[in-house]
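Position 267 of the sequence shown, counted from 1, bears residue number 440 in my numbering, the numbering being contiguous throughout.
Below is one structure, written out as structure tokens; the observations come after it.
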Amino acid sequence: MKYVFGPVPSRRLGNSLGIDPIPSKICNYGCVYCQLGSTIKKTNKRENFFPPDEILDEIKNALKRYSKRIDFITILASGEPLLYSNIGYIIKEIKKLTNIPTCLITNGALLADERVQDEILDFDVVMPTLDAGNEKIFLKINRPYHEIKFEKMIQGFISFRKKYSGQIWMEVMLIKGVNDTLDELNQIREKLFLIKPDRVYINIPIRPPTESWVQIPSKDAIKKANKLLGAYKDISNPESGDFNLFTKNFEDELLAIISRHPLNLEQIMETFSNLSEEEIIKNLNELENMGKIKKILYQGKIFWQFNP
């Protein structure tokens, strides 16, 4: 599978079938906390990167195999999914195939464009990101494409909320010493009050971030954010559950997952439970020597990442 992966366990969505319509690390942000590494091509130009019918064929195959084990069909990307110009066509076709709820995970920057808003109205859930309450912190954390302006983005969120009847679940990534202070949290709160999301999820960088200076906030700071922002759900622990496989080919399946979702050794062993620990470590070392993956020690755990 080139575009579809999983189902994978999600802390918010249950078993999620992932759809990735963007080439690796093409994005309009360069977030300091991104678990997939630095943005390779920063752009705000929408393109038809892949034939939509190829993506839909893979979705159909996955639904035939896993439909009873899928809680959500999620369009996300190893970049920004709204850069895919055929996303509106894809979601309309998915709705013809199944009644399984759909979710879009996006940084939300392109919601300032009303045409983009109209394309994604068929999603059941849209999950945008808001990591800052002002331009300065927005630039420091998200490092957007130069044409993206903070206040215009906020107005895009507000106008989208008014026309969209589905659920908006806003995500906020907290970074120690950057946006976890009382002042910064209050500014985020003010923006959330204007946007009126249905839920707010507070994230912390539990996987290796792009920039090594990014740190997890203190427990007190997280509690403070919970009190100020509300709707807090603790997602500071790794997902639990099985990562479903399409084939028994270790290399193909591992790369398909970690190119979008870095895994620690424990998760890899659970996913490939048909192999012994020795076989898994041997395969990982071989892929590392070939330059296809890399391992990073973070928060006392070894994570394996895709090496583009």
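The beta-carbon is built from N, C-alpha and C at its ideal position, and this holds for glycine as well.
Quick caveat: nothing in here was measured; it's all calculated off a predicted structure.
Checklist entry - Leaving out five residues before and five after CYS207 in sequence, what residues of the same chain have Cβ atoms less than 6 Å from its Cβ? => result Residue mapping note: residue 207 aligns to position 34 of the sequence shown, counting from 1. For CYS207, where only same-chain residues beyond five positions count, the Cβ hits under 6 Å are THR383.
Next on the checklist: Using the Cβ count rule (16 or more neighbours within 10 Å means buried), how would you classify MET463?
Outcome noted: What you label residue 463 is simply residue 290 of the sequence shown in a count that begins at 1. With fewer than 16 other Cβ atoms inside 10 Å of its own Cβ, MET463 counts as exposed.
Item to check | Between the CA atoms of PRO390 and ASP304 - distance to the nearest angstrom | outcome: To locate residue 304, count along the sequence shown from 1; it is residue 131. To locate residue 390, count along the sequence shown from 1; it is residue 217. When only Cα atoms are considered, ASP304 and PRO390 end up about 14 Å apart.
Checklist entry - Hey, PHE223 and ILE264: beta-carbon distance below 7 Å or not? => result Taking the sequence shown and counting its residues from 1, the one referred to as residue 223 is at position 50. Taking the sequence shown and counting its residues from 1, the one referred to as residue 264 is at position 91. If you check the CB distance, PHE223 and ILE264 do not come in under 7 Å.
Next on the checklist: For VAL289, report the span of its alpha helix (DSSP H) as first-last.
Outcome noted: What you label residue 289 is simply residue 116 of the sequence shown in a count that begins at 1. Taken as a continuous stretch (DSSP letters only), the alpha helix (DSSP H) holding VAL289 covers 287-292.
Next on the checklist: Cutting at 6 Å between CB atoms, please list the residues of its own chain near GLU231, excluding the five before and the five after it.
Outcome noted: Taking the first residue of the sequence shown as 1, we reach residue 231 at position 58. MET174, TYR176, VAL177, listed in sequence order.
Checklist entry - Once you ignore the five residues that flank TYR471 on each side, which residues in its own chain have a CB closer than 6 Å to its CB? => result Here residue 471 is taken as the residue at index 298 of the sequence shown, counted from 1. Once the five neighbours on either side are set aside, the close Cβ partners of TYR471 are PRO381.
Item to check | Secondary structure of ILE243, DSSP reduced to three states | outcome: Taking the sequence shown and counting its residues from 1, the one referred to as residue 243 is at position 70. Annotated three-state conformation of ILE243 is coil, per DSSP.
Next on the checklist: Cutting at 8 Å between CB atoms, please list the residues of its own chain near ILE466, excluding the five before and the five after it.
Outcome noted: On the sequence shown, residue 466 is found 293 positions in, with the first residue counted as 1. Correct list, in chain order: LEU427, LEU428, ILE431, LEU457, LEU460, TRP477, GLN478, PHE479, ASN480.
Next on the checklist: Judging by CA-CA distance, which residue of VAL351, VAL289, ASN272 is the nearest neighbour of TYR262?
Outcome noted: On the sequence shown, position 89 is the one that residue 262 refers to. Distances from the alpha-carbon of TYR262 to those of VAL351, VAL289, ASN272 put VAL289 closest.
Checklist entry - Can you check whether the CB of ILE375 is closer than 7 Å to the CB of ALA398? => result Walking along the sequence shown from the start, residue 398 turns up at place 225. Walking along the sequence shown from the start, residue 375 turns up at place 202. Yes; because the gap between Cβ atoms is below 7 Å, this pair is in contact.
Checklist entry - Helix or strand or just coil, what does DSSP make of GLU412? => result In the sequence shown, residue 412 corresponds to position 239, counting from 1. Summary for GLU412: the model assigns pLDDT 43, below 50, so the residue's position carries little reliability, and this model does not support an answer.
Item to check | Beta-carbon proximity of ALA250 to LEU190, cut-off 7 Å | outcome: Here residue 250 corresponds to residue number 77 of the sequence shown, with the count starting at 1. Here residue 190 corresponds to residue number 17 of the sequence shown, with the count starting at 1. If you check the CB distance, ALA250 and LEU190 do not come in under 7 Å.
Checklist entry - LEU355: buried (16+ other C-beta within 10 angstroms of its C-beta) or exposed? => result What you label residue 355 is simply residue 182 of the sequence shown in a count that begins at 1. The residue is exposed, with fewer than 16 neighbouring Cβ atoms inside 10 Å.
Checklist entry - CA-CA distance, ILE293 and PHE330? => result Start at 1 with the first residue of the sequence shown, and residue 293 comes out as number 120. Start at 1 with the first residue of the sequence shown, and residue 330 comes out as number 157. Looking at the backbone, the Cα of ILE293 and that of PHE330 are separated by about 13 Å.
Checklist entry - Could you give the uninterrupted runs of the alpha helix (DSSP H) lying entirely in the region 186-234, keeping only those of 4 residues or more? => result If only complete runs of 4 or more residues are kept, the region 186-234 shows no alpha helix (DSSP H) anywhere.
Next on the checklist: I'd like the list of long-range same chain contacts for ASN217, defined as Cβ closer than 6 Å, with 5 residues on each side in sequence excluded.
Outcome noted: Residue numbering aside, residue 217 sits at position 44 when the sequence shown is read from its first letter. Excluding sequence neighbours, ASN217 sits near ASN201, TYR318, GLU320.
Checklist entry - Exposed or buried, which one is SER449 when buried takes at least 16 other CB atoms within 10 Å? => result Your numbering for residue 449 matches position 276 in the sequence shown. Exposed, because fewer than 16 other Cβ atoms sit within 10 Å of the Cβ of SER449.
Checklist entry - So, are the CB atoms of ILE348 and PRO370 less than 7 Å apart? => result Residue mapping note: residue 348 aligns to position 175 of the sequence shown, counting from 1. Residue mapping note: residue 370 aligns to position 197 of the sequence shown, counting from 1. Against a cut-off of 7 Å, the Cβ pair of PRO370 and ILE348 comes out as no contact.
Checklist entry - What's the C-alpha gap between PHE333 and LEU284? => result In the sequence shown, residue 333 corresponds to position 160, counting from 1. In the sequence shown, residue 284 corresponds to position 111, counting from 1. Put simply, the backbone Cα of PHE333 is about 7 Å away from that of LEU284.
Checklist entry - Alpha carbon to alpha carbon, how far is ILE314 from LYS233? => result Counted from its first residue, the sequence shown places residue 314 at position 141. Counted from its first residue, the sequence shown places residue 233 at position 60. About 37 Å.
Next on the checklist: Let me check one thing: in DSSP terms, what residues is TYR471 bridge-paired to?
Outcome noted: By 1-based counting over the sequence shown, the position of residue 471 is 298. Answer is LYS474.
Checklist entry - Is the CB-CB distance between THR247 and GLY281 below 7 Å? => result On the sequence shown, residue 247 is found 74 positions in, with the first residue counted as 1. On the sequence shown, residue 281 is found 108 positions in, with the first residue counted as 1. In this structure, GLY281 does not lie closer than 7 Å to THR247 by Cβ.
Checklist entry - Starting from GLY372 and walking both ways along the beta strand (DSSP E), at which residues does that stretch end? => result Position 199 of the sequence shown, counted from the start, is the residue given in the question as residue 372. Just to set this straight, residue 372 is Arg in the shown sequence, not Gly. Bounds of the beta strand (DSSP E) holding ARG372 are 372-376.
Checklist entry - Along the chain, which unbroken stretches of the beta strand (DSSP E) at least 3 residues long are found entirely within the region 308-362? => result Fully enclosed beta strand (DSSP E) runs of 3 or longer: 340-346.
Checklist entry - In three-state DSSP terms, what is GLY179? => result In the sequence shown, residue 179 corresponds to position 6, counting from 1. In the structure shown, GLY179 sits in a strand (DSSP, three-state: E or B).
Next on the checklist: Cutting at 8 Å between CB atoms, please list the residues of its own chain near ASN437, excluding the five before and the five after it.
Outcome noted: Within the sequence shown, the letter at position 264 stands for residue 437. PRO411, LYS474, ILE475, PHE476, TRP477.
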